[in-house]
Amino acid sequence: MLLGLARGSGPDSLAGMRADAPPYLRPLLGVPRATTEAACADLGLEPWHDPHNTDERYLRVRVRRTILPLLERELGPGVADALARTADQLREDAAALDALAEEWVEEIAEHSEAGIALPVAALESNPPALRHRVIRLAVEGEFGVTPTRAQTVAVARLVSDWHGQGGVDLPGVTVERREGLLRFSAAPGGGTAAASALEADSPPHDSGGTPSDDPR
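For the sequence shown, position 38 matches number 38 in UniProt numbering, and the numbering has no gaps at all.
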């Protein structure tokens, strides 16, 4: 959550790591390390310690071993639990908005061989949080591309700040406002773009987490 806050990457990132994010399941994510170590000791088991979780070349490790203890000292005990509760609430809110956006985009989207179109009036009548999600879902579902926050906002300006400007270019996708519709089509010569690559989690500039970064 702290890494997402530092990157300014929105509520989905602030929601933190999920315990059930198929294909990865982390049933012990909410169990403190001391509890799992004590359980292993009681059962006569020797736990395996992932060396990446103590390698301070990784940003997530420095946050866990340096920043969180500092916050606990300066703000009082319970900071980690408070952050976890906040992440849970954000995850619930994000899931609700995503579900609304998925239903809405199915209702209003117009599909064609050229791509997909969304009615401007429908987008304009809803709050930005929902509008941005619908735009992102339309691009992801049709072209396999996940637009950044800046790209999504640029497309949304064709709805909320329209003054006859030209279209917006996304990776492999062109977005134009014509005849009351936002029209999304594959960029000439680009075909459908592949999904954006995830940042590699390699020292010393890791993005803060990997599927195997389970803080148990």
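The beta-carbon is built from N, C-alpha and C at its ideal position, and this holds for glycine as well.
Taking the straight line between their C-alpha atoms, what separation do you get for residue i and residue j?
i      : j      : result
ASP50  : VAL61  : 12 Å
VAL145 : HIS132 : 14 Å
VAL105 : ASN126 : 12 Å
PRO11  : ARG91  : 8 Å
GLU37  : GLU72  : 22 Å
PRO23  : ALA154 : 33 Å
ALA114 : GLY141 : 14 Å
LEU5   : LEU83  : 11 Å
VAL52  : LEU75  : Sequence check: residue 52 is His here, not Val. C-alpha separation (whole angstroms): 28 Å.
TRP48  : ALA19  : 20 Å
LEU123 : GLY166 : 18 Å
THR192 : GLY78  : Per-residue confidence for THR192 stands at a pLDDT of 40, beneath the threshold of 50, marking its modelled position as unreliable; the derived number appears in the next sentence. Distance between the alpha carbons of THR192 and GLY78 is about 47 Å.
GLN89  : MET1   : 12 Å
GLN151 : LEU170 : 7 Å
Where does residue i fall in DSSP's three states?
i           : result
residue 224 : Given a span of 1 to 216 for the chain in the structure shown, any question on residue 224 remains unanswerable.
LEU25       : strand
ARG57       : coil
CYS79       : The question names Cys, yet the displayed sequence has Val at residue 79. Correct three-state label for VAL79: helix.
HIS132      : helix
ALA109      : coil
VAL159      : helix
HIS49       : coil
GLY191      : Bear in mind that the predicted position of GLY191 carries a pLDDT of just 45, short of 50, making it too unreliable to give a figure here.
THR148      : coil
GLY141      : helix
Quick one: does residue i have its CB under 8 Å from some CB of chain B?
i      : result
SER160 : Here there is only one protein chain, and chain B is not present.
How far does the beta strand (DSSP E) with residue i in it reach, from first residue to last?
i      : result
ILE116 : 115 to 119
SER125 : It is not in any beta strand (DSSP E) - SER125 carries neither H nor E in the DSSP assignment.
ARG64  : No beta strand (DSSP E) contains ARG64, which DSSP labels as neither H nor E.
THR174 : 173 to 178
ARG18  : First-last for ARG18: undefined, no H or E at that position.
ALA186 : 181 to 186
VAL168 : 168 to 170
From which residue to which residue does the alpha helix (DSSP H) around residue i run?
i     : result
GLU37 : 33 to 43
ASP12 : 11 to 14
GLY4  : 2 to 7
Taking C-alpha atoms, which residue in the options lies nearest to residue i?
i      : options                           : result
LEU181 : ALA109, GLU140 and ASP161         : ALA109
ASP81  : GLN165, LEU123 and LEU29          : LEU29
VAL149 : ALA95, GLY8 and MET1              : Reading off the sequence, residue 149 comes out as Arg, not Val. Comparing Cα positions, the closest option is GLY8.
HIS163 : ALA186, ARG178, ILE135 and ALA129 : ARG178
ASP93  : SER185, GLY16, PRO47 and CYS40    : GLY16
ALA96  : ALA129, THR35, PRO77 and LEU25    : ALA129
ALA117 : LEU100, PHE143, ASP98 and ALA99   : PHE143
ALA99  : ARG85, ARG65, THR86 and VAL134    : VAL134
SER112 : ARG183, TYR58, VAL31 and ALA122   : ARG183
LEU59  : ALA21, SER160, LEU3 and SER185    : LEU3
PRO119 : GLU56, ALA156, ALA87 and THR152   : ALA156
LEU14  : THR86, LEU45 and ALA39            : THR86
Whole-angstrom Cβ separation of residue i and residue j, contact assumed at under 8 Å?
i      : j      : result
VAL173 : LEU158 : Rounded, the Cβ-Cβ distance is 13 Å, inconsistent with contact.
LEU137 : GLU102 : 6 Å
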